[in-house]
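What follows is a short report on a single structure.
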Amino acid sequence: MATRVAVVTGGNKGIGLAIVRALCKLFQGDVFLTARDQGRGQETMKSLASEGLAAQFHQLDIDDLKSITTAAAFFKETYGGVDVLINNAGIAFKVADPTPFATQAEATLRTNFFSTREMLINFLPLVRPGGRVVNLCSLLGQRVLNQCSPALQQRFRSDDITEEEVLELMHRFLDEAKRGEHQQGGWAESAYGVSHIGLTTLSMILARRLSKERPNDGILLNACCPGWVRTDMAGPKAPKSPDEGAVTPVYLALLPPDATEPHGKFVSEKEVQQW
Ligand code: NAP
Ligand code: DDD
20 MATRVAVVTG
30 GNKGIGLAIV
40 RALCKLFQGD
50 VFLTARDQGR
60 GQETMKSLAS
70 EGLAAQFHQL
80 DIDDLKSITT
90 AAAFFKETYG
100 GVDVLINNAG
110 IAFKVADPTP
120 FATQAEATLR
130 TNFFSTREML
140 INFLPLVRPG
150 GRVVNLCSLL
160 GQRVLNQCSP
170 ALQQRFRSDD
180 ITEEEVLELM
190 HRFLDEAKRG
200 EHQQGGWAES
210 AYGVSHIGLT
220 TLSMILARRL
230 SKERPNDGIL
240 LNACCPGWVR
250 TDMAGPKAPK
260 SPDEGAVTPV
270 YLALLPPDAT
280 EPHGKFVSEK
290 EVQQW
């Protein structure tokens with residue numbers, strides 16, 4: 020039988036690193052810590068080794084399509100596929116950051132939505148039967164959706180929204196943000212929140228597509244919130260440690276082979292949430 024393999028993006032620190040640690044202990048197969056910066060990734064690999072944990076490393080910058088396709092080709096050639104994919108890499112501007120909203124919106128949607136979508140486009144075809152895909156999102160996305168116009172809420176919550184429509188809505192948000200008109204357009208004032216509205220909705224669409232196109236493969240794909248976690252992104256006042264933040268993503272990554280759910284859901288504290 021082929022060696023099983025798990026891939027974590029943004030694994031050099033924070034929740035991603037905690038997920039890699041947990042998988043090293045619990046996943047039966049090879050665990051890949053990926054990082055956009057080779058040096059930061061290798062430094063983290065050294066600290067994992069000093070803890071007696073055996074992860075493997077591959078460079079992966081999700082904002083760089085060549086980096087994504089190179090990594091995908093590596094996993095196809097070396098392992099014949101991927102068994103667990105955790106899309107953890109993400110960015111957030113600090114609340115007090117003076118960068119103009121439109122610039123924040125561009126950068127935040129780029130990584131959290133568009134680049135994560137590129138990961139899914141390139142890696143989903145590699146996911147083997149029984150595979151698990153976990154997209155790190157946030158309850159903040161849900162809160163921000165509640166602050167958007169009823170029309171936007173209706174579209175993002177509808178079962179018939181398509182990938183093309185989500186893309187169109189993300190581009191519309193960016194265009195309106197550039198003109199300073201996003202609030203008139205029905206959006207709330209949070210680029211990070213909108214990026215996660217997009218990624219959570221996309222996760223639901225891709226899960227429906229998997230069920231339709233690969234009905235017998237038993238792949239489970241979900242979005243989740245790790246909670247508010249003490250990391251460089253969220254700061255020292257957050258209540259959860261990175262290991263505690265890793266609990267829900269790791270639970271979804273290790274759903275047992277005979278599990279049929281959750282699939283296409285938004286999960287927090289290991290519980291399916293109303294979207
Ligand atoms: P973090 O400490 O800032 O770590 C983010 C990780 O993502 C870093 O490894 C970073 O790499 C990586 N990254 C960013 N852009 C990347 C790119 N283009 N390609 C590859 N890697 C990239 O953040 P965190 O708190 O651990 O957050 C991890 C995920 O959980 C994010 O998606 C975040 O939105 C989500 N989340 C976090 C919280 C929270 O309270 N912390 C709550 C809800 C959701 P570098 O070190 O090279 O920058
Ligand atoms: O929950 C999350 O997603 C974290 C923690 C909560 C939080 O303070 N933020 C969102 N997260 C990442 S850090 C950025 C802040 C935040 O709310 N920023 C304002 C915004 O709308 O982006």
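Just so we're aligned, residue 20 is where the sequence shown starts under the numbering used here, counting upward by one.
The beta carbon of each residue, even a glycine, is placed where N, CA and C say it ideally should be.
Since the structure is predicted, the reported quantities are computational estimates derived from the model, not experimental observations.
Can you find a heavy atom of the ligand DDD that lies under 7 Å from the Cβ of Gly29? For this step, residue 29 is matched to residue 10 along the sequence shown. Checking every heavy atom of the ligand DDD against the Cβ of Gly29, none is found closer than 7 Å.
Spatially closest choice to Phe76 from Gln61, Cys43 and Glu70, by CA coordinates: By one-based count along the sequence shown, residue 76 stands at place 57. Out of Gln61, Cys43 and Glu70, Gln61 has the C-alpha closest to the C-alpha of Phe76.
What separation, rounded to the nearest whole angstrom, lies between the Cα atoms of Ile81 and Ile87? By one-based count along the sequence shown, residue 81 stands at place 62. By one-based count along the sequence shown, residue 87 stands at place 68. Their Cα atoms are separated by approximately 6 Å.
For Glu290, which option in Tyr211, Pro275, Pro268 and Ser230 has the closest C-alpha, if you only look at C-alpha atoms? Here residue 290 refers to the residue found at position 271 when the sequence shown is read from its first residue. For the residues Tyr211, Pro275, Pro268 and Ser230, the minimum Cα distance to Glu290 belongs to Pro268.
Assign Lys284 to one of two classes, buried (16 or more other C-beta atoms within 10 Å of its C-beta) or exposed (fewer than that). Residue 284 sits at position 265 when you count from the first residue of the sequence shown. Buried.
Alpha helix (DSSP H) segments (min. 4 residues) lying fully within the region 64 to 122: 84 to 98
Does the separation of the CB atoms of Ile34 and Val213 fall below 8 Å? For the purposes of this step, residue 34 is identified with residue 15 of the sequence shown, where counting begins at 1. For the purposes of this step, residue 213 is identified with residue 194 of the sequence shown, where counting begins at 1. No, they are not a contact pair.
Please look up how many angstroms separate the CB atoms of Thr219 and Tyr98, rounded, as I've assumed it's under 8 Å. Within the sequence shown, the letter at position 200 stands for residue 219. Within the sequence shown, the letter at position 79 stands for residue 98. Contact flag wrong, Cβ pair sits at about 28 Å.
Pull the bridge partners of Glu290 from the DSSP assignment, please. By 1-based counting over the sequence shown, the position of residue 290 is 271. Looking at the DSSP assignment, Glu290 forms a beta bridge with Ser287.
Only counting the same chain, and skipping five residues up and downstream in sequence, which positions put a Cβ closer than 6 Å to that of Phe51? Mapped onto the sequence shown, residue 51 falls at position 32. Closer than 6 Å at the Cβ level, and outside the excluded window around Phe51, lie Val26, Gln75 and His77.
One or two residues paired with Cys243 in a DSSP bridge: Here residue 243 is taken as the residue at index 224 of the sequence shown, counted from 1. According to DSSP, Cys243 bridges with Leu155 and Val286.
Keeping to the same chain, check which residues put their C-beta closer than 8 Å to that of Leu188; ignore five residues upstream and five downstream. Position 169 of the sequence shown, counting from 1, holds the residue named residue 188. Answer for Leu188: Leu171, Arg174, Phe175 and Gly217, listed in chain order.
Between Ala265 and Ile110, how many whole angstroms is the CB-CB distance? I'm expecting something under 8 Å. Numbered from its first residue, the sequence shown carries residue 265 at position 246. Numbered from its first residue, the sequence shown carries residue 110 at position 91. Ala265 to Ile110, Cβ: 19 Å. No contact.
Mind checking if Ser86 is an interface residue toward chain D, Cβ cutoff 8 Å exclusive? The structure shown has no chain D; it contains just one protein chain.
Is the Cβ-Cβ distance between Ala210 and Phe120 less than 8 Å? In the sequence shown, residue 210 corresponds to position 191, counting from 1. In the sequence shown, residue 120 corresponds to position 101, counting from 1. Yes; because the gap between Cβ atoms is below 8 Å, this pair is in contact.
Among the candidates Gln202, Leu239 and Glu183, whose CA atom is the shortest distance from the CA of Leu164? Position 145 of the sequence shown holds residue 164. Here the closest residue by C-alpha is Gln202.
Pull up the CB-CB distance for Phe46 and Leu273, whole angstroms please, since I reckon it's below 8 Å. Mapped onto the sequence shown, residue 46 falls at position 27. Mapped onto the sequence shown, residue 273 falls at position 254. Correct: roughly 7 Å between the Cβ atoms.
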